[in-house]
Amino acid sequence: MDAPTEPHIYKSNALIEASYRLNLQEQRIILACIAQVNRSQPITDERMYRVTAKDLATLAGSRPDSAYKELKSATETLFDRRLTVYEEPNGGRPEKMTMRWVQSVKYKEHEGCVEIRFGKDILPYLTELTRRFTRYALSDVARMSSSHAIRLYELLMQWRDTGTREIGIDWMRQRLGIEDKYPAYKDLRRYVIEPAAKQINEHSPIRVKWEARKTGRKVTHLAFSFTAPDKPPASNGKGRPALPGKACRSGDSVHGVPKALIEQRAKPGESYEDCARRLLGERVRAKQAEGEAAT
């Protein structure tokens, strides 16, 4: 029997870069529900997604009794949470639109669970993705205790192939929904950036470093560098693995896997990178099985 597939989050890059603010408990509920979306099947806004307090406690490694309280508290505020996107799901023309995350939310106290129905307008940003989307494992962020850390992690995962990203401070404030907080850079650094980077380094599969960059005498940008997760060792032609964090692709191949083969073997929603890594892993396992059979 095949091992169960680890839950993954798929979001349009436009949704990754949307402006919104969710607290930690609301963020966990939304992500746990997004991980349930079956992108290989048609989806409507009639589908209800269910998350239990036990699910959240298991994901976060927290106590079940506190998870019940947090679940109920988040349910009371989640319906009013809004977000603003600035382009269509797969890129294209700018399309600034404000919408709700959910159109209904139901808390079942005796079952210790919440059921939500995503808003109709947000579904294309979760399901109709052919390009310009970001994918990561739910477990990458499950144990983070900062909603800012989760958002920063997603912004970095957009650039997982390069391992670097430069972000404008004003742009970041808008996307995190904190335009009215931490106007001084020193406070933004102390209460948002440093704790978020620490959380990412402690709980995710990447290690991030950052530095401030100035325009004149004012800090205006943050430059992040990070080791990309799940990178297979690739030969540099001299019998040694290539340096981690570098994109190992050439014109017609990704990590040495021909793009034509990737296009034939890709699963729904897989990027070139994801499919190439999966095919390389399958190749290694097949060779290992052949070796075991020979012995």
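Under the numbering used here, residues 1393 to 1687 are what the sequence shown spells out, in order.
Where a beta carbon is used, it is the ideal one built from N, C-alpha and C, also for glycine.
Only a predicted model underlies this, so the values are computations on that prediction, with no experimental measurement involved.
According to DSSP, simplified to helix, strand and coil, what is residue i?
i	result
I1570	coil
E1603	strand
E1398	coil
I1598	coil
A1668	helix
P1516	helix
Y1545	helix
A1678	helix
Measuring alpha carbon to alpha carbon, tell me which residue in the options is nearest residue i.
i	options	result
N1405	T1519, V1649, S1537	T1519
C1505	M1440, Y1517, E1480	M1440
S1411	H1540, G1608, C1667	H1540
R1492	R1474, R1509, T1522	R1474
Q1417	R1535, T1612, L1614	R1535
E1503	P1481, L1568, L1463, T1476	L1463
Q1550	F1616, A1576, I1570, N1415	F1616
E1340	L1672, A1529, Q1566	With the chain represented from 1393 up to 1687, any question about residue 1340 goes unanswered, as that position is not in the structure.
E1487	E1507, D1513, I1508	D1513
A1427	T1450, E1409, Q1433, K1403	K1403
E1603	L1614, H1595, R1609	L1614
T1450	D1437, E1468, D1472, A1424	A1424
Y1499	M1489, T1490, Y1460	Y1460
Y1577	L1548, F1525, K1610, R1431	K1610
A1452	R1677, H1595, R1675	H1595
F1510	A1668, D1472, T1526, D1579	D1472
Q1591	E1674, Y1545, K1573	Y1545
P1481	Y1517, W1563, S1432, T1490	Y1517
Q1433	R1675, L1521, L1653	L1521
T1607	S1454, D1562, T1490	D1562
M1489	E1507, I1508, S1454, E1409	E1409
E1479	F1525, S1454, D1666	F1525
May I ask you to list the residues that DSSP assigns as paired with residue i?
i	result
T1526	K1403
H1613	G1560, R1605
L1475	Y1412, M1491
S1496	R1509
P1587	The partner list for P1587 (beta bridge, DSSP) is empty, contrary to what the question assumes.
P1575	P1575 pairs with nothing; no bridge assigned.
P1486	E1479
Less than 8 Å between the C-beta atoms of residue i and residue j, yes or no?
i	j	result
I1435	V1429	yes
L1448	R1420	yes
L1470	V1497	yes
P1597	D1532	yes
V1600	N1593	yes
L1407	V1477	yes
R1605	L1568	no
A1445	P1456	yes
S1538	P1575	no
G1560	T1619	no
E1555	R1523	The residue asked about is misnamed: residue 1555 is Gly in this sequence, not Glu. Against a cut-off of 8 Å, the Cβ pair of R1523 and G1555 comes out as no contact.
A1565	E1558	According to the sequence as given, residue 1565 is Arg; it is not Ala. Contact: no.
L1671	R1657	yes
D1437	L1515	yes
A1668	V1649	yes
I1401	R1527	yes
For this session: Could you pull out every unbroken beta strand (DSSP E) segment of at least 3 residues lying fully inside the stretch 1412-1471, listed in chain order?
Result: 1441-1444
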